[in-house]
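Colleague:
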Amino acid sequence: MALIEARDLTKHYRLGDQTVQALAGVSLDIEAGEFVAIMGASGSGKSTLMNILGCLDRPSTGYLRLADEAVDSMDPDQLAAVRNRRIGFVFQQFNLLPRTSALENVELPMVYAGVKASDRRARAAEALTRVGLGERMMHTPAELSGGQQQRVAIARALVNDPSLILADEPTGALDSQTSEEIMRLLTALNAQGITVVLVTHEADVAAWARRRIVFRDGRILEDRHTPGAAGMARSDAPAAGQLDDSSPGSFSGEVTGSNGTPAEDPA
Ligand SMILES: Nc1ncnc2c1ncn2[C@@H]1O[C@H](COP(=O)(O)OP(=O)(O)O)[C@@H](O)[C@H]1O
Ligand SMILES: [Mg+2]
Numbered sequence: 050m051a052l053i054e055a056r057d058l059t060k061h062y063r064l065g066d067q068t069v070q071a072l073a074g075v076s077l078d079i080e081a082g083e084f085v086a087i088m089g090a091s092g093s094g095k096s097t098l099m100n101i102l103g104c105l106d107r108p109s110t111g112y113l114r115l116a117d118e119a120v121d122s123m124d125p126d127q128l129a130a131v132r133n134r135r136i137g138f139v140f141q142q143f144n145l146l147p148r149t150s151a152l153e154n155v156e157l158p159m160v161y162a163g164v165k166a167s168d169r170r171a172r173a174a175e176a177l178t179r180v181g182l183g184e185r186m187m188h189t190p191a192e193l194s195g196g197q198q199q200r201v202a203i204a205r206a207l208v209n210d211p212s213l214i215l216a217d218e219p220t221g222a223l224d225s226q227t228s229e230e231i232m233r234l235l236t237a238l239n240a241q242g243i244t245v246v247l248v249t250h251e252a253d254v255a256a257w258a259r260r261r262i263v264f265r266d267g268r269i270l271e272d273r274h275t276p277g278a279a280g281m282a283r284s285d286a287p288a289a290g291q292l293d294d295s296s297p298g299s300f301s302g303e304v305t306g307s308n309g310t311p312a313e314d315p316a
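Numbering (the working numbering), first residue to last: 50 to 316.
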């Protein structure tokens, strides 16, 4: 059973007397544990698909199952419950609350999920440690670099223990070196078993994924498996601790295997 099973998804938007067809019939299976990059020109329907896969929006027609639940026919409350339970989102612009600490930003999804305050704090701290920000928890977004802000957003995506991370252009606002750091983190989370689907315009970002899907005009133009970049990354992998700007054992310690190397070898 695939984690995501989509058949003939369409999405139309009505704008005045015009109809925009954002998705024109998309069928796709994504298995648990995959790392998928979605590419395609601006306006080709990538974000529309991500919003539907993420239960933020519903298709106009078509069939969608997520972890064997028929999400295409759920009402907004049911969709919100699935979203909370299974999905973490990461966006290009981080979407953090300003003047609010990293810790509180990461606690927010658990406020909505009704987790009690002391548990929220502990889990938020754990997620921040997992992304290498154990020593930056009380910083506000303005006191963090772009890459660190995106790591806070990834920690926020992790707190409800999702099986799926959906990242819509997560490196779009970052320089290439910081992008690589974020891709390394997403790759490590994927190696820990989280399914990752990301949208990107950049070939070198897509190269980290093990499957690449190209969209055109609301349809899948190409869908193929790729070696993934764990391999490329391996040769210039950072020394232990190099990515870690907080404390020993947080970022590099958490995301590598017990032998200190990424968990998976390239095919
Ligand atoms: N809320 C909306 N209302 C009307 N049209 C929309 C809306 N969202 C997206 N579209 C249109 O749907 C098409 C696909 O958009 P989108 O999925 O955002 O593409 P991408 O993420 O690939 O750039 C575009 O033509 C866009 O203008
Ligand atoms: Mg988009």
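Glycine residues also receive a C-beta, built at the ideal position from the N, C-alpha and C atoms.
Which partner residues of Ile-269 appear in the DSSP bridge assignment?
Modeller: In the DSSP output, where bridge partners are listed per residue, Ile-269 has Phe-264.
Colleague: Within 10 Å of its beta-carbon, does Pro-297 have 16 or more other beta-carbons around it, so buried, or fewer, so exposed?
Modeller: Any answer about Pro-297 is weak, because its pLDDT of 36 lies below 50 and its placement is not dependable; what the coordinates show is given next. Classification of Pro-297: exposed, given that the 10 Å Cβ count is below 16.
Colleague: Could you pull out every unbroken alpha helix (DSSP H) segment of at least 4 residues lying fully inside the stretch 91–121, listed in chain order?
Modeller: List check, alpha helix (DSSP H) in window: 95–102.
Colleague: Whole angstroms is fine: what's the gap from Thr-236's alpha carbon to Gly-65's?
Modeller: Approximately 42 angstroms between the Cα atoms of the pair.
Colleague: What are the start and end residues of each continuous alpha helix (DSSP H) run of 4 or more residues lying completely inside the stretch 183–232, in chain order?
Modeller: Fully enclosed alpha helix (DSSP H) runs of 4 or longer: 195–207.
Colleague: In angstroms with no decimal places, state the Cα-to-Cα distance between Gly-267 and Ala-171.
Modeller: Taking the straight line from one Cα to the other gives about 42 angstroms.
Colleague: Residues with a Cβ closer than 5 angstroms to any heavy atom of ligand 1, in chain order?
Modeller: Spelled out in chain order, the answer is Tyr-62, Val-69, Ala-71, Ser-91, Gly-92, Ser-93, Gly-94, Lys-95, Ser-96 and Thr-97.
Colleague: Would you check if there are 3 or more beta carbon pairs closer than 8 angstroms linking the stretch 215–233 to the stretch 55–74?
Modeller: Segments in contact, no.
Colleague: Kindly identify the DSSP beta-bridge partner or partners of Ile-243.
Modeller: In the DSSP output, where bridge partners are listed per residue, Ile-243 has none listed.
Colleague: Which whole-angstrom value describes the C-beta separation of Ala-151 and Val-208, a residue pair presumed to lie in contact below a C-beta threshold of 8 angstroms?
Modeller: Not confirmed; about 12 angstroms, so no contact.
Colleague: Return the bridge partner residues of Val-75 from the DSSP annotation.
Modeller: Its beta-bridge partners are Leu-58.
Colleague: Helix, strand or coil: how does DSSP classify Leu-64 here?
Modeller: Three-state result, Leu-64: strand.
Colleague: What would DSSP say about Val-160, mapped onto helix, strand or coil?
Modeller: The answer is helix: DSSP assigns Val-160 an H, G or I state.
Colleague: Hey, out of Ile-79, Pro-219 and Ala-176, whose CA is closest to Arg-260's CA?
Modeller: Nearest C-alpha to Arg-260: Ile-79.
Colleague: Quick check on this structure: which residue in Cys-104, Asp-117 and Leu-105 has the alpha carbon closest to the alpha carbon of Glu-54?
Modeller: It is Asp-117 whose Cα lies nearest to the Cα of Glu-54.
Colleague: Should Ser-284 go down as buried or exposed, given a rule of 16 or more other Cβ atoms within 10 Å for buried?
Modeller: Confidence in Ser-284 is poor, its pLDDT being 44 and thus under 50, which makes the residue's placement too unreliable to answer from.
Colleague: Ala-130 lies in the alpha helix (DSSP H); which residues open and close that run?
Modeller: Unbroken alpha helix (DSSP H) run through Ala-130: 125–135.
Colleague: Return the chain-ordered list of same chain residues with a C-beta closer than 6 angstroms to the C-beta of Val-245, the five sequence neighbours on each side being excluded.
Modeller: Once the five neighbours on either side are set aside, the close Cβ partners of Val-245 are Phe-84, Ile-214, Leu-235 and Asn-239.
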